[in-house]
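In what follows, a single structure is set out as structure tokens and then discussed.
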Amino acid sequence: MTDQPIHDEMPDTWVRAVADAIETHGHQIADAHESAIAIRLTPQQRRTLHAETEPYLVISWRGDDTGTGALDRGISPDGAHVPHPQPITDTTNPNTIARTVDTLLRTGQPA
488 MTDQPIHDEM PDTWVRAVAD AIETHGHQIA DAHESAIAIR LTPQQRRTLH
538 AETEPYLVIS WRGDDTGTGA LDRGISPDGA HVPHPQPITD TTNPNTIART
588 VDTLLRTGQP A
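With the numbering used here as the guide, the letters of the sequence shown map in order to residues 488 to 598.
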């Protein structure tokens, strides 16, 4: 049996694919790197997410011991720190992630 590495960073090409897919839904990416993707929230999106004073939604990678990982989300004051992350999806498909993020930003719920 071969050991599976634990991934705590998102691969650069995958980050770009996810960020591009999110942008096709009309959302503004403030920052995208191996640890997180920060989306600058509009005033309407802040109201929808009950985040009146927090300007960012952060999508972050949570690696696991199987090497597959999952994604968390959280509202952030600075686009870098999320006090209370919540799971958003366990898929790694960029288009599915983008649709989930779009639904979250329009309705306040990821699904």
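Just so it is clear, CB atoms sit at the ideal spot from N, CA and C, and this is done for glycine as well.
Computed from a prediction, not measured in an experiment: that's the story for all the values here.
Q: Just the C-alpha distance for I509 and V502, rounded to the nearest angstrom, thanks.
A: 11 Å
Q: Run the CB neighbour count on Q532, radius 10 Å, all protein chains shown included, and call it buried at 16 or more, exposed below.
A: buried
(Q) Which of the three DSSP states is assigned to D577 in this structure? (A) coil
(Q) Let's see if you can read the secondary structure: which residues bound the beta strand (DSSP E) around Q515? (A) Q515 to A519
Q: Could you tell me if R560 is buried or exposed, where buried requires 16 or more neighbouring beta carbons within 10 angstroms of its beta carbon?
A: buried
Q. Thinking C-beta only, is P574 closer than 9 Å to A557?
A. yes
Q) In chain order, what residues of the same chain lie with their CB nearer than 7 Å to the CB of G595, ignoring the 5 residues before and after it? A) T535 and L536
Q: Could you work out which residue in H568, V569 and A585 is closest to T576 when comparing CA atoms only?
A: A585
Q) Within 10 angstroms of its Cβ, does E599 collect 16 or more other Cβ (buried), or is it exposed? A) Because the chain spans 488 through 598 in this model, residue 599 falls outside it and cannot be assessed.
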